[in-house]
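Protein chains in written order, with full-length UniProt numbering: chain W, 1 to 757; chain E, 1 to 757. Ideal Cβ positions, reconstructed from N, Cα and C, are used throughout, including at glycine. Since the structure is predicted, the reported quantities are computational estimates derived from the model, not experimental observations.
Number of protein chains: 2
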Amino acid sequence: MSEPEKSENIPDESAGEGKEIPNGGNPAKSREELELASVFVSDAQYNRNIFFDTSPRAVRLYLLYHRWFLKVLLYFFILVNLSLAVFEEPAVFPLPLWATMMVELLCLLAFSFRLVHYAKVIPPDKFWKDPKNICIIVILMLTLVDMIIYGALKATNYYALRWSRVLRPLLLVNVTEGRQLRRAFRSIRNALPQIFYVFLLFMFSVLIFSLMALKLLGKRGLQTIDGAPYFTHYLEIVFDLYVLVTTANSPDVMMPAYNASFVFAIFFIVYILINTYIFMSVFLAVVYNNYKKYLKEEVRQLVRAKRHKMVRAFAVLQEVREEGGEPVVTQANWNQVVRLVRPNIDNAHRELLWSVCDDKNQGAIGKAAFVQLADLLNIEVITLKSRPHPFHSLCPALYLSAPSRLLSRMVHHRAFVIVYDIIILVNAIFIGLDEENPMIANSEWVFLALYLLEILLKLYVFEPRTFFSRHSFWNWFDIIIVVSALIATIINSAVKISGGYTSRQILDIVFILRVLRLIRVVDSIERFRAIINTLIRIGPAILTFGQLIVVVYYVFAMVGMELFKGKVKFYEEDSTDPAKAYCGNPLLRGTAFAQLNYCKNNFNNVVSSFILLVELTVVNQCSGFATVTHVSARIFFFIFHILVVIVIINIFVAFVLEAFFVEYSVDKSDLHTSVERKITELELALEQYVTMTLTLTDYLQMFGRIPVYFYTFRYRTVDALLQRMFEADLDPEDLAEDDSPEAQTGRNFGNPTFSSV
Amino acid sequence: MSEPEKSENIPDESAGEGKEIPNGGNPAKSREELELASVFVSDAQYNRNIFFDTSPRAVRLYLLYHRWFLKVLLYFFILVNLSLAVFEEPAVFPLPLWATMMVELLCLLAFSFRLVHYAKVIPPDKFWKDPKNICIIVILMLTLVDMIIYGALKATNYYALRWSRVLRPLLLVNVTEGRQLRRAFRSIRNALPQIFYVFLLFMFSVLIFSLMALKLLGKRGLQTIDGAPYFTHYLEIVFDLYVLVTTANSPDVMMPAYNASFVFAIFFIVYILINTYIFMSVFLAVVYNNYKKYLKEEVRQLVRAKRHKMVRAFAVLQEVREEGGEPVVTQANWNQVVRLVRPNIDNAHRELLWSVCDDKNQGAIGKAAFVQLADLLNIEVITLKSRPHPFHSLCPALYLSAPSRLLSRMVHHRAFVIVYDIIILVNAIFIGLDEENPMIANSEWVFLALYLLEILLKLYVFEPRTFFSRHSFWNWFDIIIVVSALIATIINSAVKISGGYTSRQILDIVFILRVLRLIRVVDSIERFRAIINTLIRIGPAILTFGQLIVVVYYVFAMVGMELFKGKVKFYEEDSTDPAKAYCGNPLLRGTAFAQLNYCKNNFNNVVSSFILLVELTVVNQCSGFATVTHVSARIFFFIFHILVVIVIINIFVAFVLEAFFVEYSVDKSDLHTSVERKITELELALEQYVTMTLTLTDYLQMFGRIPVYFYTFRYRTVDALLQRMFEADLDPEDLAEDDSPEAQTGRNFGNPTFSSV
């Protein structure tokens, strides 16, 4: 977590250049060379910054290291390791100690294997210089030590503490794949100094206001609603006013003073204005400003590293065709590398990419054109051969008959969408009505039939492979929801008829599926679709923040469980235990915490802890825990609030702001434009969004024109989105640090002097 | 409020050009011409867009119209008109109806006078085309009609409603001086369509979640803490979940479901994630994006209008010195115009500005140089002759003696500041301690003496006029706080000694002053000073938002008072009325509202209403009012929340964000640089912040060098700050729409080809 990426971002020039990379006029490249080049290209494409050994054996191991199943396995073990908290003391589902210990050992073993694999791939000096490897080793060692101590103490019945559990989420941060997460942590670390000064000023303001409150209100003999003395103790006031910033105790904290005189309300209003509105905006401004500044710098380094890797791939593949000429890469080698990088790439797509690179049709490309390959591979070009509908092939007479065509026109008509939107709305009303009524209950079958009919009609009219293409989000959504609802409803009815009762769980699922179906109506409205698409597009990056939150929550949950477990007990609704009224802790007798029935908000197991931490993120209400332990317990909640609400939530808001601006304002980048232009030149039909547009009518119109390309602008990785975010701000000269003439012309890659094929 | 500014921003080309503006080779301009030109320049400087009549009589009236006392009078009457709510039914301080009516009539009369004055200044067709004049006339008429109806109904003892009070704050928006406020309203209006679509999607999400909650939780027979059925009524759920977005009822709304099963907590967590975090961020993103976009466009128009006015002023002043030469403005005319625009301008400052304009020292300037005058006047150049200290003149031998010099060096030393910071901190601890203790009480005199000594020492060492200059914020702050504290403490002691008791009010003031003194410590820390200075600089613009909030609050307070007055009563602490337990309304018996003693949160008078609206802005807690009237009363609170929290607070945050970025990132503008360069060329000493830097030692070093200029970068108007905010984004070609060669060269005004004097 501390400075782990520096070595990754700035490529070490000496690492690969020292090697004897085969070069010269030999026409066919060896398998090893092609693999090496493809590794460079794919590293550039995914912005990986690993200085692997370039020996053929290491390259093979490196390719294995990046195989998807090994990554899935790694994340599976991380997940298992993290979820051990559910089974360990204090457990949701208690398991014997030896079982959790065995599983944890297995996880440690898996992490060690992965680390050894990584050590085999990269040179030893690089391995030991990388803080994240050291970090993993230290975590593994500490965990092992802790397990031994804990096991020994438990075996001898001493009090023992599993302190190493706090380290578990750090594995998520330090594995090779946690790049996005490390970046998020770095942007927090970078913003910290600036936040710190604003925070000091903010705390100074809180302290001054508290002192004023003490002087103004402390001597008036006012009482809180509980009859306790009001604002008589300085640190209490500081804490109350800090909580007021989170708006959790507004207006309660102000009422005793306001009841005494309305003049005191002015004090609180000024306080809220300055500390809640102005300071919180300034926090956001500072975080956002830092976030933008450092991210720009990081993206610049990413772009530089990517370029460097592509140059290395070029060095492997290059050959000189004529004496004294520029080194080039031939189409044959290029094709093989692209096939190695993306084995499932379509021939048509590959040819399109080649024709974008080799715009002069010379059968070979120079360094400048080659370097763009990594970016070209990141543009998702959806290639679709205009296949006729299977019914068309099977039974053309019937499929092209007048009734069939009429049906097709109907389904394509705007009215079809409107009719189904109305059906959804009617369905919404029926869902809202009482389902005890048999008429309403049966209507569900009608709606299910209507939705099934819609799907079948669409399948009849649209080509199935188009309909089920990976990017047809709403089609997949429809089918999954409708089919699941159908299955759940049938099971529910079957259970009901056979046993005469309704299973609550199945019914819940049926209800959720029914309501989710209504979301579909959003897709019909253009404006809504635009907002939803933006949200979906920034979704993966939001997941990074999700990981960040999980890491922070996990650490706080572990600490919180050690501090507060068993202090507050929850009794079931039907319990008659008198302790229920005060959550099983006499200290809580008569407190607001017990009166509001917050007993389930406790740290008694990891699930409750996580839910409580979410509640604390929304509203920092923690008086109960200070009551059952000690006033200093507030420090725990105070640190949590600063870290999560002031730092992480603000970075999250900053990210959403920036991502939205990009979606709103940035047009297609140069590279997109050049692909688009190329496709136009090749006289191919263009569609921004292919999903529902490739229709029977289209086939009938365009019949015979094969292949047809459709492409959408979609970024495959979060890095690509980030890069796009700062593309406009990046100084082109920064990128062209390689001063060779090819590199210089490379900058003009997307300019309008593009000639025809 | 609706489209009022369009006519202001795009200058009507035909308006002034059609007039016969005196032009020719005559050397001395008449008084009328100079006045006309100065009006154009000052309009350009302050970005006023009023198409006044250019006849000498109208110009005189126009100058009168902008005199400060008339503006103060206008704002005084607006304030009186607004504060009538304090005295009208339901009143804080009841006055008889005839008294408030008379005052209101007086206000209406004042507004009418101001409007008639305005009508005399601008051409009639312009007057009637301007929506804000029409708006004022309509408001005045409606108010008059309402007053008559109300008076008549009251006289005959019928129920009457003063509905026109809602219109009062609109006067604040529609007076000529409310430009900033109108701009804020425009940016809200512009953002509305985009916000509306996001809001619809947000509401759709709330509705879907509510439906799901109804289906999942409605049939389980759960109960809230009050024993009421939980989540059984759809609209109740919608409202509860909407309130959850404001975090007001978290975690209470979730507890019954969470107590039933922790699985339901997931439902609420997903809801909070989507609606509180993602949607609220999207609202901010949309508002911020729109704000930036439209403000940029407005500033562009402002700059264009300013340029146009300066060109008109040039046309009035211009003369052709040689046959066929370019028209120029002579220094004599220029001087007179500048003197008319800023009568209190210093000669040295004026000469500096002239030398910046007339960089070739030709005694006359062309159009391009002249046009920059409006911006030059907006740069605050603090001119200070390096005057010796009065003591120095009076008694040089003593003042320059060794002890005096030592004293001066001491005061200048960094240690002096540190010593006083330590004194302040010690003082803070003493304030925190119990003031009943006589030792502590007497220590106050010691601290007061120390602070007084500090001020006296500084006055001895620093030149008084520098010390008291307009920009020495902290010096003024110190003196006011210390002297007030001294006076208040003396009065307090006198009262105590004479009567033997302590006046609570005076003591409160003493306490506040004592605590405020501690703020001074902030100024010693460089980082804090930077943040505070930024806040002070964006202060005036924040005041615009203050006005906006007052307008919205006033309207809601008036409506709220009509809807809810007298429904909730507040009983004093010592009241023994049994109705006190339920705020005087049996409907509130046993509700959380009454239990938490929120009785003073009511709409019974305008002051309570304002305080309640602030509370509602922080946390939207309104269940009590729905209980005492009708469930539909929630609509009032719902609209208030949307308008204030979603729209206005977001625009406020957007403004603070943008202003902070500008302060962080934008360097000095071209114009500043040119002034700075000029000053450097003139070999004048430069100091960014003059306040505390002009010292005795400096005098001794620089003795004999008179005059010395010091200047700070400070923008005199909010417009100038806004302009600076978007300066970097403005396309220079947009500004140079005037295609004359002078206008073209005007763009190069601040470039490095500046020659020496």
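E/Met310 places its beta carbon less than 8 angstroms from that of E/Ala374.
Using a C-beta cut-off of 8 angstroms, the region 570-579 of chain E makes no contact with the region 540-552 of chain E, since fewer than three inter-stretch Cβ pairs fall below that distance.
Comparing alpha-carbon positions, the option among W/Ala592, W/Phe231, W/Leu613 lying closest to W/Ala557 turns out to be W/Leu613. DSSP places E/Pro343 outside both helix and strand once states are collapsed to three, so it counts as coil. Residue range 464-467 is occupied by the alpha helix (DSSP H) that includes E/Thr466, with no beta strand (DSSP E) assigned at that position. The criterion of a C-beta distance shorter than 8 angstroms is satisfied by W/Phe231 and W/Leu222. Taking 8 angstroms as the threshold, the shortest C-beta distance from E/Ser281 to chain W falls below it. Not a single CB atom of chain W sits nearer than 8 angstroms to the CB of E/Arg529. Ranked by Cα distance from E/Ile651, the options E/Tyr288, E/Ala99, E/Val263 are led by E/Tyr288. By the neighbour-count criterion, in which a residue is buried when 16 or more other Cβ atoms sit within 10 angstroms of its Cβ, W/His413 is exposed. Secondary structure of W/Thr156 (DSSP, three-state): coil. For E/Trp354, the closest of E/Pro343, E/Asn344, E/Gln372, E/Leu340 by C-alpha to C-alpha distance is E/Gln372. When CB distances to chain E are screened at a threshold of 7 angstroms, not a single residue of the region 453-485 of chain W falls below it. Cβ neighbours of W/Met410 within its own chain (closer than 7 angstroms, five residues either side excluded): Phe416.
Per DSSP, the unbroken beta strand (DSSP E) holding W/Val328 starts and ends at 327-330. Counting C-beta pairs with one atom in each stretch, the region 176-190 of chain W and the region 149-162 of chain W have fewer than three that are closer than 8 angstroms, which means they do not touch.
Residue nearest to W/Ala441 within the set W/Tyr46, W/Lys496, W/Leu74 is W/Lys496 (criterion: CA-CA distance).
Less than 8 angstroms divides the Cβ of W/Asn275 from the Cβ of W/Val206.
Counting C-beta pairs with one atom in each stretch, the region 77-84 of chain E and the region 164-172 of chain E have three or more that are closer than 8 angstroms, which means they touch. Interface flag for E/Asn601 against chain W is set, since a Cβ pair is found closer than 8 angstroms. Against chain W, the CB of E/Leu211 has a partner CB under 8 angstroms away; the residue lies at that interface.
Between E/Thr176 and E/Tyr118, the C-beta spacing is below 8 angstroms. Assigned with DSSP and collapsed to three states, W/Val320 falls in strand. Against W/Asp574, chain E offers no close residue; the least beta-carbon distance is about 11 angstroms (beta-carbon pairs closer than 8 angstroms).
Per the DSSP secondary-structure output, W/Pro229 pairs in a beta bridge with W/Gln223.
Burial is judged here by how many other beta carbons sit within 10 angstroms of a residue's own beta carbon; E/Ile648 has at least 16 and is buried. Residue state for E/Ala257 is assigned as helix, using DSSP reduced to three classes. Under a criterion of Cβ atoms nearer than 8 angstroms, no residue of chain E is adjacent to W/Met203; the nearest Cβ is some 11 angstroms distant.
E/Trp445: member of the alpha helix (DSSP H) spanning 438-461, first to last residue.
Chain W places a beta carbon closer than 8 angstroms to that of E/Gly432, counting this residue as a contact.
Going by C-alpha positions, W/Trp68 is about 54 angstroms away from W/Pro586. Here W/Ile538 carries a coil assignment [DSSP, helix/strand/coil]. Proximity of chain E to W/Ile642 at the Cβ level (cut-off 8 angstroms) is not reached, the minimal Cβ distance being about 18 angstroms. With its beta carbon less than 8 angstroms from one in chain E, W/Lys215 belongs to the interface. Within chain E, the C-beta atoms nearer than 8 angstroms to that of W/Tyr197 come from Arg527, Phe528, Ile531, in chain order. Look at W/Asp252: its C-beta is under 8 angstroms from a C-beta on chain E.
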